[in-house]
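Below is one structure; the comments refer to it alone.
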Amino acid sequence: MKVLSLATQRRTQWINITREVQAAVEALGLRDGSITVFVPHTTAGVTINEQADPDVAADLGAALARLVPEQDAYRHGEGNSDAHIKASLMGAAVPVLVRDGRLQLGTWQGIFFCEFDGPRAREIWVG
Amino acid sequence: MKVLSLATQRRTQWINITREVQAAVEALGLRDGSITVFVPHTTAGVTINEQADPDVAADLGAALARLVPEQDAYRHGEGNSDAHIKASLMGAAVPVLVRDGRLQLGTWQGIFFCEFDGPRAREIWVG
Amino acid sequence: MKVLSLATQRRTQWINITREVQAAVEALGLRDGSITVFVPHTTAGVTINEQADPDVAADLGAALARLVPEQDAYRHGEGNSDAHIKASLMGAAVPVLVRDGRLQLGTWQGIFFCEFDGPRAREIWVG
């Protein structure tokens, strides 16, 4: 298992971690099979989506903000209930295929860390 | 593959199954790698989120109920269309890393079975 | 890794690919373990839900259309922002258990390719 660290700068932020996950696959020495990209946090998630146009991630963030408002009739007292809910909508983990030591992704795909309650020090586990 | 059984008590219920999944990993004898937690139902799902404060799961359930009302212009005639939709929003399966025989989860994370059409007898498959 | 190809016919379409994924498992020769069903596109996804009644997929499509309208205040200029968002809500990948060469699915479950920006030529990767 390889631990990646990152520091987020904003409350909501979509960070392309494709390059770092690829480096982790190489460090692990995995040639063929599949890896799991896992986010060990409850107010952040991971998703695979378009990396060519940053507007796609911006639209995704705005859509989630409309679906799950920051302020609502929440019971959890820390003011970040929306972040917990968005984390489960995106998911904490995604499996990705590996062939000849390379992540197998579609032409437009990138792997995104989804920060919903930053800024924070965060980790991503690859294994 | 290890089959876990549980009986849910309410229509919507979030059940922390972390301990049971850890026991399944031990029963399978898996030391290092990853396991899949799989829900073989179409009106229930699985998610990873905070287990310390039960209000987080309550907020998650309330948010899903607002997004996907129990009554709406549904075609499926069994009165549980919302449960099917919520199941796909949470997902039927999640991969989790295992190291030295232990599930690798973040400090606050637990694995939750998400019942959306209970009460029912349910299974979770770990493998 | 096995590549499945399909041609979608409509903008939004739910295609049951369970049989094709089972055939891929057989072609790969996998007997026991788990496989990843991976969609290498950013305006399509994959989900597991009921395959007995096609109304379930219809309800799922209608619910996603209500949650994520085709027209909204999107920044991405290609007119398919809703499709990118729906893709992340369903997810690009799902792990499925395999035993004795058979996909392990619940009685009512099928694996669905979710087209959100068709018609297009699409692929599904199984490995």
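Protein chains in written order, with the working numbering: chain B, 1 to 127; chain E, 1001 to 1127; chain C, 2001 to 2127. For glycine and all other residues, C-beta sits at the position ideal for the given N, C-alpha and C.
**OP:** Output the distance between the C-alpha atoms of Ala-87 (chain B) and Phe-1116 (chain E), rounded to the nearest integer angstrom.
**Re:** In the first sequence, residue 87 (chain B) corresponds to position 87, counting from 1. In the second sequence, residue 1116 (chain E) corresponds to position 116, counting from 1. Taking the straight line from one Cα to the other gives about 19 Å.
Original post:
Taking C-alpha atoms, which residue in C:Tyr-2074, C:Gly-2127, C:Val-2046, C:Ala-2121 lies nearest to Met-2090 (chain C)?
Top reply: As a working mapping, residue 2090 (chain C) is identified with position 90 in the third sequence. The residue with the shortest Cα to Cα distance from Met-2090 (chain C) is C:Val-2046.
Subject >> Paired residues, beta bridge with Glu-1123 (chain E) - DSSP >> reply: As a working note, residue 1123 (chain E) is residue 123 in the second sequence. E:Ser-1005, per the DSSP bridge assignment.
Subject >> Stretch-stretch touch, CB-based, cutoff 8 Å, three pairs: the segment 2104–2116 of chain C with the segment 2014–2034 of chain C >> reply: yes
**OP:** Measuring only between beta-carbons, confirm whether Phe-1112 (chain E) sits less than 8 Å from chain C.
**Re:** Position 112 of the second sequence, counting from 1, holds the residue named residue 1112 (chain E). Cβ-Cβ to chain C under 8 Å: no for Phe-1112 (chain E).
**OP:** Decide yes or no for the touch test of the segment 74–86 of chain B against the segment 1043–1063 of chain E: beta carbon pairs closer than 8 Å, at least 3 of them.
**Re:** yes
**OP:** Could you check how far apart the C-beta atoms of Pro-2040 (chain C) and Trp-2108 (chain C) are, in whole angstroms? I think they sit under 8 Å.
**Re:** Against the third sequence, residue 2040 (chain C) aligns to sequence position 40. Against the third sequence, residue 2108 (chain C) aligns to sequence position 108. At roughly 27 Å, the Cβ-Cβ gap does not stay under 8 Å, so Pro-2040 (chain C) and Trp-2108 (chain C) are not in contact.
Original post:
With 16 other CB atoms within 10 Å as the buried threshold, where does Gly-1077 (chain E) fall?
Top reply: Sequence index remark: in the second sequence, residue 1077 (chain E) carries index 77 (1-based). It is exposed - the Cβ of Gly-1077 (chain E) has fewer than 16 other Cβ atoms within 10 Å.
Original post:
Is any heavy atom in the ligand SAM found nearer than 7 Å to the beta carbon of Gly-2029 (chain C)?
Top reply: The model on display carries no ligand, and the ligand SAM is accordingly not part of it.
**OP:** Please report how far the alpha carbon of Gly-1079 (chain E) lies from the alpha carbon of Thr-1042 (chain E), in whole angstroms.
**Re:** Taking the second sequence and counting its residues from 1, the one referred to as residue 1079 (chain E) is at position 79. Taking the second sequence and counting its residues from 1, the one referred to as residue 1042 (chain E) is at position 42. Going by the C-alpha atoms only, they are around 14 Å apart.
**OP:** Determine the contact status of Leu-1005 (chain E) and Val-1098 (chain E), defining contact as a CB-CB distance below 8 Å.
**Re:** Along the second sequence, one-based indexing puts residue 1005 (chain E) at 5. Along the second sequence, one-based indexing puts residue 1098 (chain E) at 98. A small correction: the amino acid at residue 1005 (chain E) is Ser; Leu does not occupy that position in the sequence shown. Cβ distance not < 8 Å, so Ser-1005 (chain E) and Val-1098 (chain E) don't count as in contact.
Original post:
What is the residue span of the alpha helix (DSSP H) that Arg-19 (chain B) lies within?
Top reply: Working through the first sequence from its first residue, we reach residue 19 (chain B) at position 19. Counting along the chain, the alpha helix (DSSP H) containing Arg-19 (chain B) begins and ends at 18–28.
**OP:** Closer than 8 Å, Cβ to Cβ, to anything on chain D: give me those residues from the segment 85–106 of chain B, in chain order.
**Re:** Absent from the structure is chain D; the protein chains it does hold are B, E and C.
**OP:** Quick one: grab the DSSP three-state call for Leu-103 (chain B).
**Re:** For the purposes of this step, residue 103 (chain B) is taken as residue 103 along the first sequence, with counting starting at 1. In the structure shown, Leu-103 (chain B) sits in a strand (DSSP, three-state: E or B).
Subject >> Glu-123 (chain B) to Arg-1075 (chain E) span [Cα, whole Å] >> reply: The residue given as residue 123 (chain B) occupies position 123 in the first sequence. The residue given as residue 1075 (chain E) occupies position 75 in the second sequence. Taking the straight line joining both Cα atoms gives about 43 Å.
Subject >> Pairwise C-alpha distance: Arg-11 (chain B) and Pro-54 (chain B) >> reply: As a first step, residue 54 (chain B) is located in the first sequence; it is residue number 54 there, counting from the start. As a first step, residue 11 (chain B) is located in the first sequence; it is residue number 11 there, counting from the start. Approximately 17 Å between the Cα atoms of the pair.
Subject >> chain C contact for Phe-1116 (chain E) (CB, 8 Å cutoff) >> reply: In the second sequence, residue 1116 (chain E) corresponds to position 116, counting from 1. For Phe-1116 (chain E), the answer is no, since every Cβ of chain C falls outside 8 Å of its Cβ.
**OP:** Just mark Val-96 (chain B) as buried or exposed, buried being the case when its beta carbon has 16 or more other beta carbons within 10 Å.
**Re:** For the purposes of this step, residue 96 (chain B) is taken as the residue at position 96 of the first sequence. That one is buried.
Original post:
Can you tell which of C:Ala-2024, C:Arg-2120, C:Leu-2103, C:Ala-2052 has the C-alpha that lies nearest to the C-alpha of Phe-1038 (chain E)?
Top reply: Here residue 1038 (chain E) refers to the residue found at position 38 of the second sequence. Comparing Cα-Cα distances from Phe-1038 (chain E) to each of C:Ala-2024, C:Arg-2120, C:Leu-2103, C:Ala-2052, the minimum goes to C:Leu-2103.
**OP:** Could you list which residues in chain E have their beta carbon closer than 8 Å to that of Thr-2047 (chain C), in chain order?
**Re:** To locate residue 2047 (chain C), count along the third sequence from 1; it is residue 47. Neighbours of Thr-2047 (chain C) on chain E, chain order: Ser-1088, Gly-1091, Ala-1092.
Subject >> DSSP bridge partner residues for Ser-2034 (chain C) (one or two, in chain order) >> reply: The count along the third sequence starts at 1 and reaches residue 2034 (chain C) at position 34. DSSP, once it has assigned bridges, lists C:Leu-2097 as partnering Ser-2034 (chain C).
Original post:
Ordered along the chain, which non-local residues of its own chain (more than five positions away) have a Cβ less than 6 Å from that of Arg-2031 (chain C)?
Top reply: Position 31 of the third sequence, counting from 1, holds the residue named residue 2031 (chain C). Closer than 6 Å at Cβ, skipping near neighbours: Gly-2101.
Subject >> Local conformation of Ala-1058 (chain E) per DSSP, three classes >> reply: Translated into positions along the second sequence, residue 1058 (chain E) becomes position 58. Here Ala-1058 (chain E) sits in helix by DSSP.
Original post:
In chain C, which residues lie with their C-beta within 7 Å of the C-beta of Glu-50 (chain B)?
Top reply: Working through the first sequence from its first residue, we reach residue 50 (chain B) at position 50. Result: Thr-2042, His-2084.
**OP:** Select from E:Ala-1073, E:Ala-1065, E:Ala-1044 the residue whose C-alpha is nearest the C-alpha of Ala-73 (chain B).
**Re:** For the purposes of this step, residue 73 (chain B) is taken as the residue at position 73 of the first sequence. For Ala-73 (chain B), the nearest C-alpha among the options comes from E:Ala-1065.
Original post:
Hey, quick one: how far does the alpha helix (DSSP H) through Ala-2087 (chain C) stretch, first residue to last?
Top reply: As a position in the third sequence, residue 2087 (chain C) is number 87, starting the count at 1. That run of the alpha helix (DSSP H) goes 2081–2090.
**OP:** Enumerate in chain order the residues of its own chain whose CB-to-CB distance from Val-1003 (chain E) is below 7 Å, with the five nearest sequence positions on each side excluded.
**Re:** Here residue 1003 (chain E) corresponds to residue number 3 of the second sequence, with the count starting at 1. Only Glu-1123, Trp-1125 meet the Cβ criterion.
**OP:** Out of E:Val-1056, E:Pro-1069, E:Ser-1081, E:Thr-1008, point me to the one whose CA is closest to Ala-81 (chain B)'s CA.
**Re:** Within the first sequence, the letter at position 81 stands for residue 81 (chain B). The amino acid occupying residue 81 (chain B) in the given sequence is Ser; Ala does not appear at that position. Comparing Cα positions, the closest option is E:Val-1056.
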